[in-house]
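When we follow the numbering used here, the leftmost residue of the sequence shown carries the number 30, and every step to the right adds one. For glycine and all other residues, C-beta sits at the position ideal for the given N, C-alpha and C. None of these values were measured; they are calculated from a predicted model.
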Amino acid sequence: MMIQHVWRENPERVAWVVMLVSFFLCILLAVGTPLTVRAFVQHATQTMTVTVQPLQGTALLELPGQTELTAVTRPRQLKPGQALRTDDTAVAALTVYGEQEDGSQAEIMSVLMYTNTEVRLLEAKRPRFLRWSPDPARVALRVEQGRVRIVGGTYDGRPLRIRVDTPHGTVRAQVASFSVYVSNQGMDVTVRQGEVVVSARGLDVVVKADERTWVPLSRPPQEPVSAERNLVRNGNFTQPLRSTWDIGFLQPAVATPGTISVVDVGGRRAVQFSRMAEEGVHTEVWIEQKLNQDVRDVDSLVLRMDVRLLYQSLPGGGILGSEYPLMVRIDYTDVYGKDRFWVHGFYFRDPETGWPTPNGEKIPPKVWWPYESPNLITLWQQANTRPAVLHKIRVYASGHNYKSMAAEVGLFAK
30 MMIQHVWREN PERVAWVVML VSFFLCILLA VGTPLTVRAF VQHATQTMTV
80 TVQPLQGTAL LELPGQTELT AVTRPRQLKP GQALRTDDTA VAALTVYGEQ
130 EDGSQAEIMS VLMYTNTEVR LLEAKRPRFL RWSPDPARVA LRVEQGRVRI
180 VGGTYDGRPL RIRVDTPHGT VRAQVASFSV YVSNQGMDVT VRQGEVVVSA
230 RGLDVVVKAD ERTWVPLSRP PQEPVSAERN LVRNGNFTQP LRSTWDIGFL
280 QPAVATPGTI SVVDVGGRRA VQFSRMAEEG VHTEVWIEQK LNQDVRDVDS
330 LVLRMDVRLL YQSLPGGGIL GSEYPLMVRI DYTDVYGKDR FWVHGFYFRD
380 PETGWPTPNG EKIPPKVWWP YESPNLITLW QQANTRPAVL HKIRVYASGH
430 NYKSMAAEVG LFAK
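The structure is reproduced here in structure tokens:
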């Protein structure tokens, strides 16, 4: 009755109210709809593909809502919310792939899980509309315990945003290569390339390449300190190859030589050795760097490098066990003045019956295999000698036809 009364008493006022409300609703729709669509296009996301591959032993997968663990014996996808565990015999690799505009999948991040490690995938997202979105791709993990090695690159020309949560703090990074070790006593973060931000108890600490920091239990992170001294220069191949490495080839005069190139794979720079030509001829391609380092006061000497084998025509290490698709050699003089060398090779094809594989190590093909040598000082002392001066290091491929990669080559003295 009241509304009818107002309408009858002052119909013009009611008409104006209706018209103004309609006008503002029209403006709201005209402005709000494009803004809403724009915000959706710019910030909509979709989940990226994350795969897990056991490299050694059997990893265990924890599914949300299930108490029993699932054994991972072959490559499979890992979804957000799922956790992966390794025991004291298992090593596993997580790989994050980003879809390109042509529909192909490119490796943009890798996570190596060492033994006795637990990692939960929190998120792995990229912009749904790459062409119109300024947002970066994001990957978030939680490391409950153990040690992981993370290498993150770029996606669609923009840095991948990485977050690692632990019980002791958070690590944030973009284009970087770093390790995180989590124990009951705290968290250790070591950076090999790029830089990361370590946060705990309201304090942020920037850790740069070749530095490390320690986050004690219930304490803020400590100031970064120098990590182990790396005797190899440009082992991550971010500088021009010939500025720090010598390049060499060996093959018969009539044979097609192999090739050496620097490639970018999933955010890591690697040197690639390749030969795909006639069979039955021995060839070698190598990079070599002079070290000239006196190591008589060194107690620990460890070689670390990432290895990836893609092809080898010769089984094992060849008939003499001296031709591997990827090898590393260190030349040195011992304290008695005798020139010596140490060599280690990698292969994935089983040798023929009776073919030896001295100094060879079988690894899975087509994955990054993190190699860490034993303490070479201790190893050489077992042969009743000790190095005095390191002369050079050589990384090379040997055989008939091969394709292999080496990345982040480092010889760490402490």
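key: Proximal residues to T273 (C-beta, below 7 angstroms), its chain only, five neighbours per side dropped   = Here the question's residue 273 lines up with position 244 in the sequence shown. Within the same chain, T273 has close Cβ partners R262, N263, Q318.
task = Leaving aside the five residues before and after T267 along the sequence, list all residues of the same chain whose C-beta is less than 8 angstroms from its C-beta, in chain order.
result = Taking the sequence shown and counting its residues from 1, one reaches residue 267 at position 238. Closer than 8 angstroms at Cβ, skipping near neighbours: Q222, R298.
key: Contact set for E390: own chain, Cβ-Cβ below 6 angstroms, skip 5 residues either direction   = Locating residue 390 in the sequence shown gives position 361, where the first residue counts as 1. Residues of the same chain with a CB within less than 6 angstroms of the CB of E390, apart from the 5 flanking positions on each side, are F375 in chain order.
message = Can you tell me whether F69 is buried or exposed? The criterion is at least 16 other CB atoms within 10 Å of its CB, across all chains shown.
response = In the sequence shown, counting from the first residue as 1, residue 69 sits at position 40. A caution first: F69 carries a pLDDT of 46, below 50, which makes its placement in the model too unreliable to give a value.
ask   = Under 8 angstroms between C-beta atoms, does M48 make it to chain C?
value = Reference to chain C is not applicable here, since this structure consists of a single protein chain.
DSSP state of R258 mapped onto helix, strand, coil = Translated into the one-based positions of the sequence shown, residue 258 becomes position 229. DSSP places R258 in strand when its eight states are reduced to three.
ask   = How do the stretch 373-387 and the stretch 299-315 stand: do at least 3 beta-carbon pairs fall below 8 angstroms, yes or no?
value = Between the stretch 373-387 and the stretch 299-315, the count of C-beta pairs closer than 8 angstroms stays below three; the two stretches do not touch.
key: Buried versus exposed, by CB contacts within 10 Å (16 or more), G345   = Reading the sequence shown from its first residue, position 316 is the one you call residue 345. Burial call: buried.
message = Within the continuous alpha helix (DSSP H) that includes Q410, where are the two ends?
response = Within the sequence shown, residue 410 is the residue found at index 381, counting from 1. Q410 -> alpha helix (DSSP H) spans 405-410.
request  = For F370, count neighbouring C-beta atoms within 10 Å of its own C-beta (all shown protein chains included) and say buried if the count is 16 or more, exposed if not.
outcome  = Walking along the sequence shown from the start, residue 370 turns up at place 341. F370 counts as exposed, since fewer than 16 other C-beta atoms from the protein chains shown sit within 10 angstroms of its C-beta.
key: Chain-order list of residues whose beta-carbon lies under 6 angstroms from that of V180 (same chain, five-residue window excluded)   = Locating residue 180 in the sequence shown gives position 151, where the first residue counts as 1. Excluding positions up to five away in sequence, the list reads S139, S206, G296, R297.
message = Less than 8 angstroms between the C-beta atoms of V225 and P250, yes or no?
response = As a working note, residue 225 is residue 196 in the sequence shown. As a working note, residue 250 is residue 221 in the sequence shown. With contacts defined as CB atoms closer than 8 angstroms, V225 and P250 fail to qualify as a contacting pair.
query = Going by alpha carbons, who is nearest to V236 out of T219, G186, Q280?
reply = For the purposes of this step, residue 236 is taken as residue 207 along the sequence shown, with counting starting at 1. Nearest neighbour of V236 by Cα position, chosen from T219, G186, Q280, turns out to be T219.
query = Helix, strand or coil: how does DSSP classify I56 here?
reply = Working through the sequence shown from its first residue, we reach residue 56 at position 27. Helix, per DSSP.
query = How should V283 be labelled, buried or exposed, when 16 other C-beta atoms within 10 angstroms of its C-beta is the threshold for buried?
reply = By 1-based counting over the sequence shown, the position of residue 283 is 254. Exposed.
ask   = What number of angstroms, rounded off, separates the C-alpha of P385 from the C-alpha of G350?
value = Along the sequence shown, read from residue 1 onward, the residue named residue 385 stands at position 356. Along the sequence shown, read from residue 1 onward, the residue named residue 350 stands at position 321. Each residue's Cα considered, the two are about 5 angstroms apart.
key: Cα-Cα separation between D217 and V244, rounded to whole angstroms   = The residue given as residue 217 occupies position 188 in the sequence shown. The residue given as residue 244 occupies position 215 in the sequence shown. Those two C-alpha atoms are separated by around 6 angstroms.
ask   = Which residues in the same chain as P403 place their Cβ atom closer than 7 angstroms to its Cβ, once the five residues preceding and following it in sequence are excluded?
value = Counting from 1 along the sequence shown, the entry for residue 403 is found at position 374. Excluding positions up to five away in sequence, the list is empty.
request  = Give the DSSP bridge partners of V236, in chain order.
outcome  = Walking along the sequence shown from the start, residue 236 turns up at place 207. As computed with DSSP, V236 is found in a beta bridge with V225.
query = From L419 to H429, what does the alpha carbon distance come to, in whole angstroms?
reply = Locating residue 419 in the sequence shown gives position 390, counting from the first residue. Locating residue 429 in the sequence shown gives position 400, counting from the first residue. So the two alpha carbons sit approximately 30 angstroms from each other.
query = Near E252, what residues of its chain come up, given a Cβ to Cβ distance below 8 angstroms and the 5 sequence neighbours on each side ignored?
reply = The sequence position of residue 252 within the sequence shown is 223, counting from 1. Excluding positions up to five away in sequence, the list reads V234, T242.
task = Starting from the Cα of V310, find the closest Cα among V396, K154, L343 and give me that residue.
result = Taking the sequence shown and counting its residues from 1, one reaches residue 310 at position 281. Cα-wise, what sits closest to V310 is L343.
request  = Please work out which residues of its chain come closer than 6 angstroms, Cβ to Cβ, to I359, disregarding the five sequence neighbours upstream and downstream, and give them in chain order.
outcome  = The sequence position of residue 359 within the sequence shown is 330, counting from 1. Contacts found: W371, I422.
message = At the level of alpha carbons, what is the spacing between E352 and K395?
response = Here the question's residue 352 lines up with position 323 in the sequence shown. Here the question's residue 395 lines up with position 366 in the sequence shown. For E352 and K395, the distance between alpha carbons rounds to 19 angstroms.
key: S272 in three-state terms, based on DSSP   = Translated into the one-based positions of the sequence shown, residue 272 becomes position 243. DSSP places S272 within a helical segment (H, G or I) once states are collapsed to three.
inquiry  = I believe V327 touches A442 by the beta-carbon criterion, under 8 angstroms. Please report the beta-carbon distance rounded to the nearest angstrom.
reply    = For this step, residue 327 is matched to residue 298 along the sequence shown. For this step, residue 442 is matched to residue 413 along the sequence shown. Taking the Cβ atoms as the reference, V327 lies roughly 5 angstroms from A442, within the contact range of under 8 angstroms.
task = Using the DSSP secondary-structure output, state which residues sit across from E173 in a beta bridge.
result = Here the question's residue 173 lines up with position 144 in the sequence shown. Bridge partners of E173: none, in fact.
inquiry  = Tell me which residue opens and which closes the beta strand (DSSP E) that M142 is part of.
reply    = In the sequence shown, residue 142 corresponds to position 113, counting from 1. Per DSSP, M142 belongs to the beta strand (DSSP E) from 134-142.
task = Please report the Cβ distance between L339 and S433, rounded to the nearest whole angstrom; I am assuming they are in contact, meaning their Cβ atoms lie under 8 angstroms.
result = Here the question's residue 339 lines up with position 310 in the sequence shown. Here the question's residue 433 lines up with position 404 in the sequence shown. Going by Cβ atoms, the distance from L339 to S433 rounds to 6 angstroms, so yes, they are a contact pair.
key: Of the listed residues E147, L92, T87, nearest to T102 (C-alpha basis)   = In the sequence shown, counting from the first residue as 1, residue 102 sits at position 73. When the alpha-carbon of T102 is set against those of E147, L92, T87, the nearest one is in T87.
task = Out of L98, T96, T76, point me to the one whose CA is closest to K108's CA.
result = Taking the first residue of the sequence shown as 1, we reach residue 108 at position 79. If we check each option's Cα against that of K108, T76 comes out closest.
ask   = Grouping DSSP H, G and I as helix and E and B as strand, with all else coil, what is L338?
value = Numbered from 1 along the sequence shown, position 309 holds the residue referred to as residue 338. Correct three-state label for L338: strand.
ask   = Below 8 angstroms between beta carbons: does that hold for T99 and L84?
value = Along the sequence shown, one-based indexing puts residue 99 at 70. Along the sequence shown, one-based indexing puts residue 84 at 55. No; because the gap between Cβ atoms is not below 8 angstroms, this pair is not in contact.
ask   = Quick one, which of Y400, R230, I348, D275 has its alpha-carbon nearest P451's?
value = Shown here, the chain extends from 30 to 443; a query on residue 451 therefore has no answer.
query = When the Cα atoms are used, what is the spatial distance from Y361 to V292?
reply = Position 332 of the sequence shown, counting from 1, holds the residue named residue 361. Position 263 of the sequence shown, counting from 1, holds the residue named residue 292. About 30 angstroms.
task = With DSSP as the reference, please indicate the residues paired to L89 in a beta bridge.
result = Taking the first residue of the sequence shown as position 1, residue 89 is located at position 60. Beta-bridge pairing links L89 to A100, R114.
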